[in-house]
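These notes concern the structure reproduced below.
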Amino acid sequence: QQVKDAQLANDNPSRHQEQRGNQPSYLDQEQRGNQPSLQPSYQGQRKAQQVTDISDAHAQQVLQTYGEDFIRLVPIDTVLLFKLETRHVIGRKERDEISRCPDKEEKAVKLFDILYQNRTADDFITFCQLLQEHGVRAVQQFGDKLLSEASSSRG
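Counting from 15, one number per residue, gives the positions in the sequence shown under the numbering used here.
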């Protein structure tokens, strides 16, 4: 019976959808050639591969150089903080400390201090990738700029 159902589903994708309540599945999207992306943007992956050998000192240098832009441009919201925690750039305690700051500028300063004083170049790269994946073009460009500068400052 299962084989027969599978054959029917392959022969008639719309019937397969009807059996599931008209909710398209990943398989249906794949059959239509409309695969959802489960990976970060290709651009972010490519850039990360180019700069994976930057040093902690180079990351700190770039953060120091662009500190004012960091505070002005980086959107410190719950989404970014959650992503930073999920990717192990910050811990729960640090996320909570940043969230408790009363305004955007203080939140940005707190995150900047954590990245500058207590994190590695790998954390810096992850942070920049998250900026590149952001929905606002200026934030994406800032992530690109940070990675580019860190890469070119390698020597």
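Glycine is no exception: its CB is placed at the ideal position from the N, C-alpha and C atoms.
For clarity, every value in this text was computed on a predicted model and none was experimentally measured.
CA nearest to the CA of residue i, picked from the options
{"i": "residue 161", "options": "138, 134, 114", "result": "138"}
{"i": "residue 157", "options": "67, 68, 83", "result": "83"}
{"i": "residue 93", "options": "109, 78, 85", "result": "109"}
{"i": "residue 172", "options": "147, 151, 166, 104", "result": "Coverage of the chain is limited to positions 15 through 169, which leaves residue 172 absent and any answer about it impossible."}
{"i": "residue 155", "options": "165, 143, 166", "result": "143"}
Straight-line Cα distance separating residue j from residue i
{"i": "residue 130", "j": "residue 153", "result": "19 Å"}
{"i": "residue 9", "j": "residue 88", "result": "Past the edges of the chain, shown from 15 to 169, lies residue 9, and the structure says nothing about it."}
{"i": "residue 114", "j": "residue 102", "result": "20 Å"}
{"i": "residue 126", "j": "residue 77", "result": "8 Å"}
{"i": "residue 98", "j": "residue 134", "result": "14 Å"}
{"i": "residue 111", "j": "residue 163", "result": "29 Å"}
As assigned by DSSP and simplified to three states, the class of residue i
{"i": "residue 67", "result": "coil"}
{"i": "residue 93", "result": "helix"}
{"i": "residue 101", "result": "coil"}
{"i": "residue 76", "result": "helix"}
**Report entry** Those runs of the alpha helix (DSSP H) which lie wholly inside the segment 105 to 160 and span at least 4 residues
**Finding:** Whole alpha helix (DSSP H) segments, 4+ residues: 106 to 114, 118 to 132, 135 to 146.
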